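Novice:
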Amino acid sequence: MIPPIASRFVAGESPATALEHVRRLNDRDVKAILNLLGEHYDDRDDATADAAEYRQLVDDIAGSGLEACISVKPSQLGLDIGEDVFREELAAIVDAAADHGVFVWIDMEDHTTTDATLDAFENVAREHGGGVGVCVQANLRRTRADVRRLADVPGKVRFVKGAYDPPADVAYADGTRVDQEYRTLLEYAFEHYDGGIAVGSHDPAMIEHAKALHDRYGTDFEFQLLMGVRENVQEELAAEYEVWQYVPYGDQWKSYFYRRVTERTDNLRFALRAVLTG
């Protein structure tokens, strides 16, 4: 049994429990991004096993008629073992997903993985003409250049502030500066991207900023919000906008929860605030 504080943020240990959560979300007009928990593997067999489960999950989603897609982590697919391993496992998942019309997101991890992640994304996105997305982090100093680079790549880009704590020489530490970067990145995307924008923020100011940019430029976009955080707001937004909930599941929930709350003290405060305020 997953304890209450964790079960708020994790949809059980099995694909069946995760898909049942998706069903309930869909009933409230919210779509789901399913993420099988697992990361930083140093054994190829672990990466291959998770990749196989993702391919099975793609089959399950396609057969269920549910509004859902998947999101994978590079280190889960073997990036710590080798970039070639990551690319091979990712390609197999994206190929299977393309056959079933299921979208694949590639999560962004710590700053040392950015180049490998963006290169792999661009490769599979151009090969398939879309059907795949990647995440960028506003707190990284390099992200403005990355967002310009991705403007003509088919697929989608998720914009987040950044949940990791990179060194000062590669990232902005001041929250006000990160907010400024997030606003700037969104405006560039709404002005220059042909849709494919995902706003991954629970910050009310950034949500309103995205709405205003949509009104100004008319660019298609979606909101992506976390399971267990301001779910009432997610439902309210879904009445007017496309909303996706990021839904982790799997038996590695303990390490996931521990890593998330220890990577940055802000993450612990964020989780506790979500539990206390809803």
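Numbering-wise, the sequence shown is residues 61 to 338 according to this note's numbering.
All C-beta atoms in this analysis are idealised placements derived from N, C-alpha and C, irrespective of residue type, glycine included.
Nothing here was measured: the structure is a model prediction, and the numbers come from that model.
Please state whether DSSP places Gln294 in a helix, a strand or coil.
Specialist: helix
Novice: Using the Cα positions of Ala205 and Ala233, report the straight-line distance between them to the nearest angstrom.
Specialist: 19 Å
Novice: Where in the region 258-310 do unbroken runs of the beta strand (DSSP E), each at least 3 residues long, occur, reported from the N-terminal end onward?
Specialist: 281-286 and 303-309
Novice: Between which two residues does the alpha helix (DSSP H) holding Ile121 run?
Specialist: Arg104 to Ser124
Novice: Helix or strand or just coil, what does DSSP make of Leu150?
Specialist: Leu150 falls in the helix class under three-state DSSP.
Novice: When the Cα of Glu148 is compared with those of Ala107, Trp165, Leu117 and Gln116, which residue comes out closest?
Specialist: Ala107
Novice: Using the C-alpha atoms, what's the distance from Val259 back to Arg68?
Specialist: So the two alpha carbons sit approximately 22 Å from each other.
Novice: Taking C-beta to C-beta, are Gly310 and Asp280 nearer than 8 Å?
Specialist: no
Novice: Are the CB atoms of Thr188 and Val162 nearer to each other than 8 Å?
Specialist: According to the sequence displayed, residue 188 carries His and not Thr. Cβ distance not < 8 Å, so His188 and Val162 don't count as in contact.
Novice: Which of the three DSSP states, helix, strand or coil, is assigned to Ala233?
Specialist: coil
Novice: Does DSSP put Lys221 in a helix, a strand or coil?
Specialist: coil
Novice: Pull up the distance between the alpha-carbon of Val118 and that of Asp175, whole angstroms please.
Specialist: In a straight line, the C-alpha of Val118 is about 27 Å away from that of Asp175.
Novice: Please confirm whether Ala301 and Ser131 have their CB atoms less than 8 Å apart.
Specialist: Note that residue 301 corresponds to Tyr in the displayed sequence, not to Ala. Cβ atoms of Tyr301 and Ser131: not closer than 8 Å.
Novice: Rounded to a whole number of angstroms, what is the C-alpha to C-alpha distance between Tyr253 and Val213?
Specialist: It is roughly 9 Å from the alpha-carbon of Tyr253 to the alpha-carbon of Val213.
Novice: Thinking C-alpha only, which one of Leu150, Glu241 and Lys216 is nearest Gln197?
Specialist: Glu241
Novice: Any idea what DSSP makes of Met61, helix, strand or coil?
Specialist: Bear in mind that a pLDDT of 49 at Met61, under 50, signals an unreliable position, so the number given afterwards is only what the model happens to contain. It is coil, neither helix nor strand.
Novice: So which of Gly278, Val230 and Asp229 has the shortest CA-CA distance to Ala249?
Specialist: Gly278
Novice: Buried or exposed: His81, going by 16 or more other Cβ atoms within 10 Å of its Cβ?
Specialist: Flag for His81 reads buried.
Novice: Assuming the contact rule is C-beta atoms closer than 8 Å, His269 and Arg243 should be a hit. Round their C-beta distance to whole Å, please.
Specialist: Sure, about 6 Å apart at Cβ, within 8 Å.
Novice: In the DSSP output, which residue or residues are listed as bridge partners for Gln197?
Specialist: Val220
Novice: Does DSSP put Leu85 in a helix, in a strand, or in coil?
Specialist: Three-state DSSP puts Leu85 in a helix.
Novice: Between the beta-carbon of Ala152 and the beta-carbon of Ala185, is there less than 8 Å?
Specialist: In terms of Cβ geometry, Ala152 and Ala185 do not form a close pair [threshold 8 Å].
Novice: Looking at Ala298 and Val90, is the spacing between their C-beta atoms short of 8 Å?
Specialist: yes
Novice: So the candidates are Gln116, Pro264 and Glu73; which of them puts its Cα closest to the Cα of Ala156?
Specialist: For Ala156, the nearest C-alpha among the options comes from Gln116.
Novice: Does the distance from the C-beta atom of Val194 to that of Val230 stay below 8 Å?
Specialist: no
Novice: With a Cβ-Cβ cutoff of 8 Å, do Leu178 and Val207 count as a contact?
Specialist: no
Novice: Identify which residue in Glu99, Asp105 and Asp120 has its Cα closest to the Cα of Ser74.
Specialist: Closest option to Ser74, Cα to Cα, is Asp120.
Novice: Reducing DSSP to helix, strand and coil, say where Lys133 ends up.
Specialist: coil
Novice: Take Gln312 as the anchor and find which of Thr77, Leu96, Arg88 and Leu79 has the nearest alpha-carbon.
Specialist: Leu96
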